[in-house]
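FYI, UniProt numbering numbers position 22 of the sequence shown as 22, with every residue one higher than the one before it. Every residue gets a Cβ at the ideal spot worked out from N, C-alpha and C, and that includes glycine. Quick caveat: nothing in here was measured; it's all calculated off a predicted structure. Read through the structure below, which is laid out as structure tokens, and then see the notes.
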Amino acid sequence: MAITLQVQGMTCGHCKMAVTNALKNLDGVRNVEVHLQEGTVDVDYDETKVSVEKLKEAIEEQGYEVK
Numbered sequence: 001m002a003i004t005l006q007v008q009g010m011t012c013g014h015c016k017m018a019v020t021n022a023l024k025n026l027d028g029v030r031n032v033e034v035h036l037q038e039g040t041v042d043v044d045y046d047e048t049k050v051s052v053e054k055l056k057e058a059i060e061e062q063g064y065e066v067k
């Protein structure tokens with residue numbers, strides 16, 4: 001399954017790595033691509049192992065707001 005999340009507050013390489021690492025640490029996440037300019041995060045994941053809510057929580061725990 002693939003989803004694009006709108007994420008506010010990402011501005012730099014550190015932001016990109018924080019979000020990428022938080023998501024990749026979740027069981028079931030296969031790929032993460034952060035687009036700083038657009039304020040989006042593309043996530044490829046196994047919906048039988050991780051929910052969209054868990055993806056959002058992982059990003060929010062890093063201090064960013066998911067729309």
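Through-space distance from Asp42 to Cys12, alpha-carbon basis: Translated into positions along the sequence shown, residue 12 becomes position 12. Translated into positions along the sequence shown, residue 42 becomes position 42. Taking the CA atoms as reference points, Cys12 sits about 17 Å from Asp42.
Kindly indicate which three-state DSSP category Leu36 falls into: helix, strand or coil? For this step, residue 36 is matched to residue 36 along the sequence shown. Here Leu36 sits in coil by DSSP.
One question on the structure: do Gln6 and Gly39 come within less than 8 Å of each other, judged by their Cβ atoms? As a first step, residue 6 is located in the sequence shown; it is residue number 6 there, counting from the start. As a first step, residue 39 is located in the sequence shown; it is residue number 39 there, counting from the start. It is a contact, given that the beta carbons lie within the stated cut-off.
Keeping to the same chain, check which residues put their C-beta closer than 7 Å to that of Lys54; ignore five residues upstream and five downstream. Translated into the one-based positions of the sequence shown, residue 54 becomes position 54. Result list for Lys54: Leu26, in chain order.
Is Leu23 helix, strand or coil by DSSP? Sequence index remark: in the sequence shown, residue 23 carries index 23 (1-based). Helix at Leu23.
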